[in-house]
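S.K.: Shown below is the structure under consideration.
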Amino acid sequence: MQINNEFKPTIVAFCCNWCSYAGADLSGTNRLNYPANVKIIRVPCSCRVNPMFILRAFQRGADGVILCGCHPGDCHYTTGNYYARRRMTLLFSMLDYLGIEKGRTRVEWVSAAEGAKFAATMNEFVETVTKLGENKRLEDLRCKN
């Protein structure tokens with residue numbers, strides 16, 4: 721009997737309540753598939769994602785983290801995604817300094833009407849992280865099962 725030990729990355733997706741989460745809901749309604757190992761965390765706005773949340777996700781065993789929000793200029797809270805974009809730019813440079821590969825984090829703007837884009841983005845991101853392999857750089861062994 722052969723056991724399939726194929727690597728399946730754990731992906732954490734922080735999704736804006738007003739656009740990206742609704743886009744994820746639309747992709748499910750339209751029966752578009754994206755991997756089940758994408759764990760969605762709904763946030764009120766993309767600007768509410770503290771960079772520490774992303775570092776903590778990596779520490780707790782995430783292999784990739786994606787932040788999805790409203791398109792710039794289309795935010796429910798007017799300028800929230802501009803703040804998120806600035807914060808994520810700084811976080812990317814810090815992750816680069818820590819030695820985390822660039823492909824493990826991503827920012828994507830997905831509106832509520834773009835269910836197909838949400839599914840395609842998640843499929844592409846999971847494929848990218850799968851090629852990178854398991855995250856060992858920020859892993860905390862106490863968080864493993």
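Residues in the sequence shown are numbered from 721 upward in steps of one, following this note's numbering. Virtual Cβ for every residue (Gly too), placed ideally from N, Cα, C. This one's a predicted model, so the numbers in the text were calculated from it and none came from an experiment.
How many angstroms separate the CA atom of N855 from the CA atom of T799?
M.R.: Whole-angstrom Cα-Cα distance: 33 Å.
S.K.: Do the CB positions of A742 and I760 come within less than 8 Å of each other?
M.R.: The answer is no: Cβ separation not under 8 Å.
S.K.: Hey, S740 and C788 are a contact pair by Cβ (cut 8 Å); roughly how many whole angstroms apart?
M.R.: Sure, about 4 Å apart at Cβ, within 8 Å.
S.K.: Does the separation of the CB atoms of A804 and S831 fall below 8 Å?
M.R.: Result no, Cβ atoms of A804 and S831 do not sit closer than 8 Å.
S.K.: Restricting to Cα atoms, I'd like to know which of N753, V758 and P771 is closest to T850.
M.R.: The candidate whose alpha carbon is nearest that of T850 is V758.
S.K.: Check whether the Cβ of A733 lies closer than 7 Å to any heavy atom of the ligand NAP, and answer yes or no.
M.R.: For the structure depicted, the ligand NAP is absent and the ligand set is empty, with no information on it obtainable.
S.K.: So is P729 buried or exposed if we call it buried at 16+ other beta carbons inside 10 Å?
M.R.: So P729 ends up on the buried side.
S.K.: Whole beta strand (DSSP E) runs in the stretch 766–811 with 3 or more residues, listed along the chain?
M.R.: Here the runs fully enclosed are 784–789.
S.K.: Determine the direct distance from the alpha carbon of L852 to that of G835, and round the result to whole angstroms.
M.R.: So the alpha carbons of these two residues sit roughly 26 Å apart.
S.K.: What does C736 pair with, by DSSP beta-bridge criteria?
M.R.: BP columns for C736 point to V763.
S.K.: Within 10 angstroms of the Cβ of N801, are there 16 or more other Cβ atoms? Answer buried if so, exposed if not.
M.R.: Under this definition N801 is a buried residue.
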